[in-house]
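Numbering (the numbering used here), first residue to last: 11 to 681.
For each residue, glycine too, the CB sits at the ideal point set by N, CA and C.
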């Protein structure tokens, strides 16, 4: 059989009888694409209106007397642990219970106002009558931000009674020890019920974004089924914008206050600016930005953003924010800093400015990952499925350098793997240097990924038959870059170990911990192996890698997500004529990937774990997103075949990835 020039086997669609390229005589021509688009958008708008109508249906069914907002009489409230005064219910400082009897009336939203300068947490029990006229209970925590003066809880039930309980343990927060929360007075000043038709802009955007994405995929299914990079761009931007709309203008992601501070400082480079006195509080996880007390309703989110717009403006008076120059982390914040600078020039209010900077991170991630998918010869579906998981999209919507690390490493690896996988392709110094540049840009903020630069050693020597020196120059370049990147991690820990550790891990000491590792290597290998064995599967393919949404917690669809990604990995090689990687190439790639994984754990053992500990603290699944591609390429095979076309397989992945992303937003964070 004659060897094909393209080693990836193409699946051809069956053509209709007669060639299928010419329209049959007398056959009516279909709608133009713009007509289909208008029809799809019309259906989407109708769906938006229907969803809003359905969400407010219970309120619309109420009699006029039950609609609107009405105060709850003190006769319907039983207070225990509170002193009843003219101002309201004054908490006694130990524990308190407020029981509100509502007699089976419908309650869309329960609102209570309060005077309190701390973080008000209530344990709420709602007894309601379900659709089968049976009494049931719903229990949850109502956590309120310190910048709010009222709580708005979404109930949507026929309520018999509601109990709100709090005590000293609920009111105190570990991490806010700088304030004496126990001594703060608490007064609940009033209760009310609101039953009214509410347009929810975020919910409307959600339905519109989902509908518009579905419409686009249906109309241009041939394009998206063939070009996965465009599909990735569509789904990531649609889902990411919905994520942004759900987020308050405050800390939600991991260490987001630190990343926002660095991005904002960089946006001021080389100068500074005068701000309001409250503005620098956004750079710490303080009581006003406490991430465990996020808005739990649209009204609370609006009130929080109004507070920040009023009190955290740039160009105010009371504090000076000064740029601290550039460093090894700078590459992770350039685009977000640029968007913040543009936002200030446009005089955006703070909440809009904050989200505008986040939007810059989302755009960069989406574009770079789409570019990586476009470049990659094999494994496109794997990279798309991993990149569209809720956790990576969530990180891209936060202030963080993690998404920059993942995206630029993906592009760099894609450029190198193209040189490796496409045997007939001539070696390109331009592509090689571009790959090194992307890897340097992505790895600088986190040098633990430096071993991935050595994947350049996989480029076969046959590419340099006419230029033997070129092979050694290429490998020497990769080795030099690897050593230079590693030095940004090793040298600071040696020269200034006291300032290199992360105090959040406890009483850390980098030098002492390093001596433990060097003098007792077998003991450390035991600790390392134990930690990897217990947690790596979850970190690579489980909830920690794909479903963690920062301080919002864990999203749903766990089993479905794992099975879906496993299916993508195992079937990605379907239709490939010959292996994309040779046996020795797989061995080398496995060594470099394993070295990266070991470096991640070792870095946290040195900088985040107390000396002598038998476990490693601080490692999270999101740190392994950059190594998913090489790991999955190692696990892929050509033995599992699918009797469907490439286009159909790609469209299935587009649909499933989009479904998981939007479903987790709907079920977890949409309020």
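Might you give, ordered along the chain, the residues of its own chain that have their beta carbon closer than 8 Å to the beta carbon of residue 295, omitting 5 neighbours on each side?
-> Taking the first residue of the chain shown as position 1, residue 295 is located at position 285. Cβ neighbours of residue 295 beyond the five flanking positions: 185, 261, 267 and 301.
Does the segment 340-356 come close enough to the segment 380-388 to have 3 or more Cβ pairs within less than 8 Å?
-> no
Give the range of the beta strand (DSSP E) segment to which residue 1 is assigned.
-> Residue 1 cannot be examined here, being either before or after the span of the chain that is shown, 11 to 681.
On the three-state DSSP scale, how would you describe residue 35?
-> The count along the chain shown starts at 1 and reaches residue 35 at position 25. Confidence at residue 35 is low in this model, with a pLDDT of 48, below 50, so the placement of that residue is unreliable and no value is reported for it.
Should the segment 142-162 be regarded as contacting the segment 92-111, the criterion being three or more beta carbon pairs within less than 8 Å?
-> no
Going by other Cβ atoms of all chains shown within 10 Å of its Cβ, with 16 needed for buried, is residue 402 buried or exposed?
-> On the chain shown, residue 402 is found 392 positions in, with the first residue counted as 1. Residue 402 should be labelled buried.
Selected residue, minimal CA-CA separation from residue 204, among 162, 181 and 104 = As a first step, residue 204 is located in the chain shown; it is residue number 194 there, counting from the start. Checking every option, the nearest Cα to that of residue 204 belongs to 162.
Sub-8 Å separation of residue 168 and residue 139 beta-carbons = To locate residue 168, count along the chain shown from 1; it is residue 158. To locate residue 139, count along the chain shown from 1; it is residue 129. Their beta carbons are under 8 Å apart, which means residue 168 touches residue 139 by this criterion.
Touching by the beta-carbon criterion (3+ pairs, under 8 Å), the segment 655-668 and the segment 446-459 | no
Three CB pairs or more closer than 8 Å across the segment 623-632 and the segment 587-601 = no
Closest by CA to residue 147, which one among 157, 134, 158 and 159?
-> For the purposes of this step, residue 147 is identified with residue 137 of the chain shown, where counting begins at 1. The option with the nearest alpha carbon to residue 147 is 134.
What are the residues that DSSP puts in a beta bridge with residue 214?
-> As a first step, residue 214 is located in the chain shown; it is residue number 204 there, counting from the start. Answer is none; residue 214 lacks a bridge partner.
Where does the unbroken alpha helix (DSSP H) through residue 318 begin, and where does it stop?
-> Taking the first residue of the chain shown as position 1, residue 318 is located at position 308. Counting along the chain, the alpha helix (DSSP H) containing residue 318 begins and ends at 308-321.
Three CB pairs or more closer than 8 Å across the segment 267-280 and the segment 404-423 = yes
So what does DSSP say about residue 139, is it helix, strand or coil?
-> As a working note, residue 139 is residue 129 in the chain shown. In the structure shown, residue 139 sits in a strand (DSSP, three-state: E or B).
Nearest residue (CA-CA) to residue 486, options 475, 500 and 465 | As a working note, residue 486 is residue 476 in the chain shown. Cα-wise, what sits closest to residue 486 is 465.
Looking only at DSSP bridge pairs, what is residue 122 linked to?
-> Along the chain shown, read from residue 1 onward, the residue named residue 122 stands at position 112. Answer is 161 and 201.
Determine, using beta carbons only, whether residue 551 and residue 575 come nearer to each other than 8 Å.
-> By one-based count along the chain shown, residue 551 stands at place 541. By one-based count along the chain shown, residue 575 stands at place 565. Result yes, Cβ atoms of residue 551 and residue 575 sit closer than 8 Å.
Pair every Cβ in the segment 368-381 with every Cβ in the segment 411-429, then say whether three or more of these pairs are closer than 8 Å.
-> yes
Using DSSP with H/G/I as helix, E/B as strand and the rest coil, what is residue 333?
-> Counted from its first residue, the chain shown places residue 333 at position 323. Coil.
Cβ shell of residue 564 (< 7 Å), same chain only, five flanking positions each side left out = Numbered from its first residue, the chain shown carries residue 564 at position 554. Hits under 7 Å: 553, 557 and 558.
Report yes if the CB atom of residue 130 is closer than 8 Å to the CB atom of residue 173, and no otherwise.
-> Reading the chain shown from its first residue, position 120 is the one you call residue 130. Reading the chain shown from its first residue, position 163 is the one you call residue 173. Their beta carbons are not under 8 Å apart, which means residue 130 does not touch residue 173 by this criterion.
Quick one: complete beta strand (DSSP E) runs, 3+ long, within the segment 212-289?
-> 282-286
Proximity below 8 Å, CB of residue 365 to CB of residue 254 = For the purposes of this step, residue 365 is taken as the residue at position 355 of the chain shown. For the purposes of this step, residue 254 is taken as the residue at position 244 of the chain shown. For residue 365 and residue 254, yes; Cβs fall inside 8 Å.
Looking at C-alpha atoms only, which residue of 158, 337, 579 and 197 is the closest neighbour of residue 389?
-> Here residue 389 refers to the residue found at position 379 of the chain shown. That would be 579, whose Cα lies nearest to the Cα of residue 389.
Out of 600, 277, 457 and 63, point me to the one whose CA is closest to residue 415's CA.
-> On the chain shown, position 405 is the one that residue 415 refers to. Closest option to residue 415, Cα to Cα, is 457.
What is the residue span of the alpha helix (DSSP H) that residue 595 lies within?
-> Residue 595 sits at position 585 when you count from the first residue of the chain shown. Counting along the chain, the alpha helix (DSSP H) containing residue 595 begins and ends at 593-617.
Cutoff 7 Å; reference residue 567; Cβ partners in own chain excluding five residues on either side = On the chain shown, residue 567 is found 557 positions in, with the first residue counted as 1. Excluding positions up to five away in sequence, the list reads 670, 673 and 674.
Please classify residue 656: does DSSP put it in a helix, a strand, or coil?
-> For this step, residue 656 is matched to residue 646 along the chain shown. Here residue 656 sits in helix by DSSP.
Mind checking whether residue 93 and residue 177 have CB atoms under 8 Å apart?
-> The residue given as residue 93 occupies position 83 in the chain shown. The residue given as residue 177 occupies position 167 in the chain shown. No, the pair does not count as a contact, with Cβ atoms beyond the cut-off.
Compute the Euclidean distance between the alpha carbons of residue 143 and residue 122, then round it to the nearest angstrom.
-> To locate residue 143, count along the chain shown from 1; it is residue 133. To locate residue 122, count along the chain shown from 1; it is residue 112. Approximately 27 Å between the Cα atoms of the pair.
In three-state terms, what does DSSP make of residue 561?
-> As a position in the chain shown, residue 561 is number 551, starting the count at 1. Here residue 561 sits in helix by DSSP.
Is residue 155 helix, strand or coil by DSSP?
-> As a working note, residue 155 is residue 145 in the chain shown. Residue 155: coil per DSSP, three-state reduction.
So, helix, strand or coil for residue 105, using DSSP?
-> Here residue 105 corresponds to residue number 95 of the chain shown, with the count starting at 1. Residue 105 falls in the strand class under three-state DSSP.
Local Cβ density within 10 Å of residue 394, reported as buried at 16 or more and exposed below that = On the chain shown, residue 394 is found 384 positions in, with the first residue counted as 1. By the 10 Å Cβ count, residue 394 comes out buried.
Does the distance from the C-beta atom of residue 492 to that of residue 461 stay below 8 Å?
-> Taking the first residue of the chain shown as position 1, residue 492 is located at position 482. Taking the first residue of the chain shown as position 1, residue 461 is located at position 451. Yes; because the gap between Cβ atoms is below 8 Å, this pair is in contact.
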